[in-house]
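The listed protein sequences correspond, in order, to chains A and B.
Okay, so the first sequence: first residue is 1 according to this note's numbering, each after it adds one.
Okay, so the second sequence: first residue is 1001 according to this note's numbering, each after it adds one.
Number of protein chains: 2
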Amino acid sequence: MAVAIGVDVGGTKVLAAAVDAADPATVLAERRVPTPAGGDGVVEAVAGAAQAVADELRAAGRGAPAGVGVGLPGLLDRVGTLHAAPNLPAAVGVPVGRLLGRALDVPVVVENDANCAAWAEVLAGAGRGAADAVLVTLGTGIGGGIVLGGQLLRGTHGFAGEPGHMVVDPSGPECPCGRRGCWERYASGSGLGWLGERAARDGRAPALLDLAAGDPGAVRGEHVTRAARGGDAGAGAVLEEFSWWLAAGLANLVDLLDPEVVLVGGGLAEEAELFLDRTRASLAEQVLGSAARRRTRLDVAILGPAAGAIGAALLSLEATSTPTAG
Amino acid sequence: MAVAIGVDVGGTKVLAAAVDAADPATVLAERRVPTPAGGDGVVEAVAGAAQAVADELRAAGRGAPAGVGVGLPGLLDRVGTLHAAPNLPAAVGVPVGRLLGRALDVPVVVENDANCAAWAEVLAGAGRGAADAVLVTLGTGIGGGIVLGGQLLRGTHGFAGEPGHMVVDPSGPECPCGRRGCWERYASGSGLGWLGERAARDGRAPALLDLAAGDPGAVRGEHVTRAARGGDAGAGAVLEEFSWWLAAGLANLVDLLDPEVVLVGGGLAEEAELFLDRTRASLAEQVLGSAARRRTRLDVAILGPAAGAIGAALLSLEATSTPTAG
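Right, here's the structure in full:
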């Protein structure tokens, strides 16, 4: 079967991984390098990591990769140019796809990182077999990827699948995007920290104040999950609030898209046992016409931190096997 | 070319219309009957109206219709049974599609009413030529229809395309659905009335208070549009607020779906000149990464009150011409 390389560019590291299409959940070879600060030189970093993995494949007798896929955090148009990327400002406007294709001499596909992860989960992870699936990745912000009718939803300009800045409370906290009350202010890792901070300020969570050395502004999501694991009631109540907000945004997505399955991935998904059941119950209540419809399945993504790279690799195979694409 | 009949079931009336697929914006024959209160007998009312139009077609020498499509207000599953319908409670659980197919002896397709209108606008209206389009209908509530890749988005269970109950402010006004701050509390006809009522209570819109005979609770959307047409500044400010809320929800949809065009239909769209430009400007600001992307086209639907019936008719032709469907 065909082997491909996927490269996932995160805020701090670039992960390149090789997978075989016959068993994409198994990474054959991988390489991690630091993400160039600001995104300057990101093309060279991606090319270097992909080349290192390609060399390792060749040394193992697997031949050349059939394609390379790259997942980038930001708004990408359909020819692989970044239009907005808070973590990679220097890469905005760079035709990443074209430059990498030239550097690596194989077909290169460039896609939004959460779109890659969604594609991987649908083909080889927790969404396997679902024609319609939504993945939300909970990290510093909220990323998203939407698969409908077995196809990745890219949108007319390539910008589809961005639920993080859905406004869910216009009088809520300010968001770096310039608006107020975006969903990711509540239902991401940093959102959990903000809910914890608010509880600490209000005297509802003294344990969080202790973990943050008495400074409510220093409360982070990790403090909330740690205190909740220790049985702290105040932290538990914060996770209850978090679950409501997570479910509120997911209900908006289910009302619009009616997918078979909704998956939660990203760093915070590792703590899902602390909030998944409550989120399921709240989602079932908040979806439109909930009493009259079957529950939408809500599960945790299973491919972990390599999901983006795996999905990027699989998307490159998709493109090279479709004569009309690329 | 094939002629089909579409029947749109509204809160107060049932509209049956015949169209020719070659020129679907032109209604060949139509019939209006009152919607049975509560939805009891709705199958008979739809069958009667469709039969009357079929008789008129035959009398005009156009032969029998190739299909009948029905648009219903509510959540419909993929075999045409209503699962939730606030305006037709007696019809919930009724297998409308199957009963009508038997009564009319032609293939019958049943679909959500706003989905039908979206399909009509994409095939023959303001969205013509767009592969990816979203229609929102602004009436008492907000309905929606989504077309992606040239296909109507139905969702896994048939319930997709319901943006009206997107929560946009959890501390907002109560919604009949049981939640608070649904988008349609702000950006529908009744939402406009509520914004007007609030302005009247706060002393910001004395002209609205006059139109409502001094009772702020009696302020309706029509009062706001009438006063604004008369040049009243307070009503103009209410429409400014309304435009912001409309754009806020549309920005959520654009972030998720990245369509080529967004259309606004429904009764309130007839007053669009009072709010469309402001909504366009606000949407351009509120969409994620607005500075880095082209504006999404925002326009008014053009097929008017017959859009739902036209779309239902066209969907029935779609189904009968596709061997794998129906």
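Note that the Cβ used here is the ideal one computed from N, Cα and C, for glycine as well.
So, residue i versus residue j, is the Cβ gap smaller than 8 Å?
i	j	result
Leu88 of chain A	Val43 of chain A	no
Ala1029 of chain B	Val1053 of chain B	yes
Val264 of chain A	Ala272 of chain A	yes
Gly1234 of chain B	Leu1192 of chain B	no
Ile330 of chain A	Ala118 of chain A	Nothing can be reported for residue 330 of chain A: it is not among the residues displayed for chain A, which extend from 1 to 326.
Arg1180 of chain B	Gly1172 of chain B	yes
Ala313 of chain A	Gly69 of chain A	yes
Ile1302 of chain B	Ala1017 of chain B	no
Gly80 of chain A	Arg102 of chain A	no
Gly125 of chain A	Ala90 of chain A	no
Ala1319 of chain B	Val1009 of chain B	no
Met1327 of chain B	Asp215 of chain A	Not covered by the structure: residue 1327 of chain B. The range shown for chain B is 1001 to 1326.
Ala284 of chain A	Arg297 of chain A	no
Leu1253 of chain B	Thr1279 of chain B	no
Leu1072 of chain B	Ala1085 of chain B	yes
Thr327 of chain A	Leu195 of chain A	Past the boundaries of the shown model lies residue 327 of chain A; chain A is included only from 1 to 326, so the question cannot be answered.
Pro259 of chain A	Ala133 of chain A	yes
Val1106 of chain B	Pro1065 of chain B	yes
Can you tell me the Cα-Cα spacing of residue i and residue j, whole angstroms?
i	j	result
Asp1299 of chain B	Asp55 of chain A	53 Å
Gly1158 of chain B	Leu1076 of chain B	6 Å
Val7 of chain A	Gly308 of chain A	8 Å
Val19 of chain A	Thr35 of chain A	22 Å
Ala1131 of chain B	Thr156 of chain A	8 Å
Gln286 of chain A	Val261 of chain A	16 Å
Gly326 of chain A	Arg32 of chain A	Bear in mind that a pLDDT of 34 at Gly326 of chain A, under 50, signals an unreliable position, so the number given afterwards is only what the model happens to contain. Rounded to the nearest angstrom, the two C-alpha atoms are 27 Å apart.
Ala1004 of chain B	Leu257 of chain A	29 Å
Pro1323 of chain B	Leu148 of chain A	For Pro1323 of chain B, the predicted model reports a pLDDT of 46, less than 50, meaning its position is unreliable; a value from the coordinates is still stated below. C-alpha separation (whole angstroms): 22 Å.
Trp949 of chain B	Asp1277 of chain B	Given that chain B is displayed from residue 1001 to residue 1326, the structure contains no residue 949 of chain B and the question cannot be resolved.
Asp113 of chain A	Ser282 of chain A	28 Å
Gly1011 of chain B	Leu1138 of chain B	14 Å
Ala1212 of chain B	His1223 of chain B	7 Å
Gly1230 of chain B	Ala1199 of chain B	17 Å
Cys1317 of chain B	Ala2 of chain A	As written in the sequence, residue 1317 of chain B is Leu, which differs from the Cys given in the question. Going from the Cα of Leu1317 of chain B to the Cα of Ala2 of chain A covers about 42 Å.
Asp210 of chain A	Ser290 of chain A	40 Å
Arg1185 of chain B	Thr1140 of chain B	9 Å
Gln1051 of chain B	Gly1061 of chain B	15 Å
Gly266 of chain A	Gly1267 of chain B	43 Å
Asp232 of chain A	Gly63 of chain A	54 Å
Ala1059 of chain B	Ala1037 of chain B	31 Å
Gly127 of chain A	Glu1111 of chain B	27 Å
Gly1067 of chain B	Gly67 of chain A	47 Å
Assuming residue i contacts residue j (C-beta within less than 8 Å), just tell me the rounded distance between them.
i	j	result
Val1136 of chain B	Gly1129 of chain B	Between Gly1129 of chain B and Val1136 of chain B the Cβ distance is about 19 Å, and since that is not below 8 Å, they are no contact.
Val1219 of chain B	Glu1241 of chain B	Val1219 of chain B to Glu1241 of chain B, Cβ: 14 Å. No contact.
Pro170 of chain A	Trp183 of chain A	About 12 Å separates the two Cβ atoms, so there is no contact after all.
Leu288 of chain A	Cys1177 of chain B	6 Å
Val1238 of chain B	Ala1187 of chain B	About 13 Å; that fails the 8 Å criterion.
Ala248 of chain A	Val168 of chain A	6 Å
Gly236 of chain A	Ala228 of chain A	5 Å
Any beta carbon of chain E sitting closer than 8 Å to that of residue i?
i	result
Asn1252 of chain B	Reference to chain E is not applicable here, since the protein chains of this structure are A and B.
Going by Cα to Cα distance, which pick from the options is closest to residue i?
i	options	result
Ala1082 of chain B	A:Arg293, A:Ala306, A:Gly304, A:Gly311	It should be noted that the sequence gives Leu, not Ala, for residue 1082 of chain B. Among A:Arg293, A:Ala306, A:Gly304, A:Gly311, the Cα nearest to that of Leu1082 of chain B is on A:Arg293.
Gly1048 of chain B	B:Gly1125, B:Leu1104, B:Gly1230	B:Leu1104
Gly1161 of chain B	B:Asn1115, B:Ala1227, B:Ala1200, B:Asp1232	B:Asn1115
Gly217 of chain A	A:Gly230, A:Gly267, A:Gly164, A:Asp202	A:Asp202
Val1027 of chain B	B:Gly1063, B:Leu1057, B:Ala1037, B:Ala1045	B:Leu1057
Gly74 of chain A	A:Gly93, A:Gly63, A:Gly150, A:Gly67	A:Gly93
Leu1315 of chain B	B:Ala1045, B:Arg1062, B:Gln1151, B:Gly1266	B:Gln1151
Val96 of chain A	A:Val46, A:Pro24, A:Leu153	A:Val46
Pro24 of chain A	A:Leu153, A:Ala120, A:Gly267, A:Arg185	A:Ala120
Arg1078 of chain B	B:Arg1154, B:Thr1140, B:Ala1037, B:Ala1060	B:Arg1154
* In chain order, what residues of the region 155-169 of chain A put their CB closer than 9 Å to some CB of chain B? -> Gly155, Thr156, His157, Gly158, Phe159, Ala160, Gly161, Glu162, Pro163, Gly164, His165, Met166, Val167, Val168, Asp169
* To do: Give, in chain order, every residue of the region 240-268 of chain A whose Cβ lies closer than 9 Å to some Cβ of chain B.
  => Among the residues of the region 240-268 of chain A, those with a Cβ less than 9 Å away from any Cβ of chain B are Trp244, Trp245, Ala248, Gly249, Ala251, Asn252, Leu253, Val254, Asp255, Leu256, Leu257, Asp258, Pro259, Glu260, Val261, in the order of the chain.
* At a Cβ cut of 8 Å, what residues of the region 1085-1110 of chain B count as close to chain A, listed as they run along the chain? -> Val1092
* Asked: Can you list, in chain order, the residues of the region 288-321 of chain A whose Cβ is nearer than 7 Å to any Cβ on chain B?
  -> Leu288, Gly289, Ala292, Arg293, Arg294
* To do: Closer than 9 Å, Cβ to Cβ, to anything on chain B: give me those residues from the region 137-154 of chain A, in chain order.
  => Gly144, Ile146, Leu148, Gly149, Gln151, Leu153, Arg154
* To do: Using a Cβ-Cβ cut-off of less than 9 Å, list which residues of the region 1065-1078 of chain B approach chain A; keep chain order.
  => Gly1074, Leu1075, Asp1077
* With 7 Å as the C-beta to C-beta threshold (strictly closer), list the residues of the region 172-202 of chain A near chain B in chain order. => Cys177, Arg179
* Asked: the region 114-132 of chain A: which residues have C-beta closer than 9 Å to a C-beta of chain B, in chain order?
  -> Ala130, Ala131, Asp132
* **Short-range partners of chain B found in the region 41-52 of chain A, where Cβ spacing is below 9 Å** => Against chain B - using a Cβ distance shorter than 9 Å - the region 41-52 of chain A contributes no residues.
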